[in-house]
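J.: Last residue of the sequence shown? That's 176 in the working numbering, and every number before it is there in order.
My structure is below; once you've seen it, I'll send some questions.
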Amino acid sequence: MAKYSEEFKWSVVQEYLEGSLGMKLVSKKYGLSDHSIVRRWVRAYKAFGRKGLAVKKKKTIYSVQFKVDVLHFMKQTGASYQETAIQFKLNNPSVIANWNSKFLKEGIEGLQEKAKGRPSMSKKTKTTSIKKEKEMSREEQLERENELLRLEVAYLKKLKAFRENPDTFLEKHKQ
Numbered sequence: 002m003a004k005y006s007e008e009f010k011w012s013v014v015q016e017y018l019e020g021s022l023g024m025k026l027v028s029k030k031y032g033l034s035d036h037s038i039v040r041r042w043v044r045a046y047k048a049f050g051r052k053g054l055a056v057k058k059k060k061t062i063y064s065v066q067f068k069v070d071v072l073h074f075m076k077q078t079g080a081s082y083q084e085t086a087i088q089f090k091l092n093n094p095s096v097i098a099n100w101n102s103k104f105l106k107e108g109i110e111g112l113q114e115k116a117k118g119r120p121s122m123s124k125k126t127k128t129t130s131i132k133k134e135k136e137m138s139r140e141e142q143l144e145r146e147n148e149l150l151r152l153e154v155a156y157l158k159k160l161k162a163f164r165e166n167p168d169t170f171l172e173k174h175k176q
């Protein structure tokens with residue numbers, strides 16, 4: 002949920018545009034932490050009208066190419082986040098700031114949408130092992146079982162030898 006409602010933003014912008022108070026005094030009057038918030042709302046209102054103050058209810062997903070174009074424009078022109086947002090009809094300049102920081106940290110991969118949350122449990126691992134066993138012929142299955150039994154016998158022999166005389170067993174295997 003947004004921190005400030007559209008009506009609240011509208012009343013702050015109206016108060017400023019009436020001209021009786023400056024940005025700092027309006028921000029103090031309404032208990033805002035910084036006067037730059039008022040400046041951002043006023044610019045958004047002047048650029049987009051009342052829709053510029055609206056809280057988006059649905060997350061818009063932008064393509065990687067669009068994000069790169071926005072950042073390229075900002076770098077080439079030296080425009081601020083707010084000016085760039087107005088140019089590309091975005092009402093939230095902090096989105097561009099997030100894109101910029103991700104681009105600087107991770108490169109173009111940072112601008113791609115990532116799946117959120119924990120990946121779903123897949124049952125592929127269980128089904129593939131069963132399928133492999135079924136694909137083997139009866140003879141191959143018996144050979145596999147025979148090999149596993151040979152390994153088990155060899156392991157048990159070594160374990161027995163170790164239990165009977167651990168010192169000689171360790172000396173033999175150190176060499």
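Even for Gly, the Cβ is constructed at its ideal location relative to N, Cα and C.
As the structure is a computational prediction, the values presented were derived from the model and not from experiment.
Measure the C-alpha to C-alpha separation of residue 152 and residue 160 and round it to an integer number of angstroms.
T.: Each residue's alpha carbon lies about 12 Å from the other.
J.: Starting from the Cα of residue 108, find the closest Cα among 86, 96, 72, 77 and give me that residue.
T.: Of the candidates 86, 96, 72, 77, the one whose C-alpha sits nearest the C-alpha of residue 108 is 72.
J.: Specify the secondary structure class of residue 2 as computed by DSSP and reduced to three states.
T.: In this predicted model, residue 2 has a pLDDT of only 41, less than 50, meaning its place in the structure is not dependable; the value taken from the coordinates is given anyway. DSSP places residue 2 in coil when its eight states are reduced to three.
J.: Grab me the residues of residue 101's own chain with a C-beta within less than 7 Å of its C-beta, minus the 5 sequence neighbours each way, in chain order.
T.: Here the set comprises 72.
J.: Which of the three DSSP states, helix, strand or coil, is assigned to residue 167?
T.: Correct three-state label for residue 167: helix.
J.: With distances taken from CA atoms, which of 52, 9, 89 is nearest residue 63?
T.: That would be 89, whose Cα lies nearest to the Cα of residue 63.
J.: Would you please verify whether the beta carbon of residue 118 is less than 8 Å from any beta carbon of chain C?
T.: Of the chains in the structure shown, none is chain C; there is only one protein chain.
J.: At a cut of 8 Å, does the stretch 25-39 reach the stretch 48-63 through at least three beta carbon pairs?
T.: No, because fewer than three Cβ pairs between the stretch 25-39 and the stretch 48-63 fall closer than 8 Å, the two stretches do not touch.
J.: Would DSSP call residue 85 helix, strand or coil?
T.: If DSSP states are grouped into helix, strand and coil, residue 85 belongs with the helices.
J.: Quick check on the burial criterion: 16 or more other C-beta atoms within 10 angstroms. Buried or exposed for residue 85?
T.: Classification for residue 85: buried.
J.: Could you have a look at residue 53 and say whether DSSP puts it in helix, strand or coil?
T.: DSSP places residue 53 in helix when its eight states are reduced to three.
J.: From residue 27 to residue 9, what does the alpha carbon distance come to, in whole angstroms?
T.: Taking the straight line from one Cα to the other gives about 12 Å.
J.: From residue 6 to residue 32, what does the alpha carbon distance come to, in whole angstroms?
T.: Going from the Cα of residue 6 to the Cα of residue 32 covers about 14 Å.
J.: Taking DSSP as the reference, what is the three-state secondary structure of residue 103?
T.: If DSSP states are grouped into helix, strand and coil, residue 103 belongs with the helices.
J.: On the premise that residue 105 lies in contact with residue 65, defined as a C-beta separation below 8 Å, what is that separation, rounded to the nearest angstrom?
T.: No, residue 65 and residue 105 are not in contact; Cβ-Cβ is about 15 Å, not under 8 Å.
J.: Taking only three categories from DSSP, how would you classify residue 45?
T.: Here residue 45 sits in helix by DSSP.
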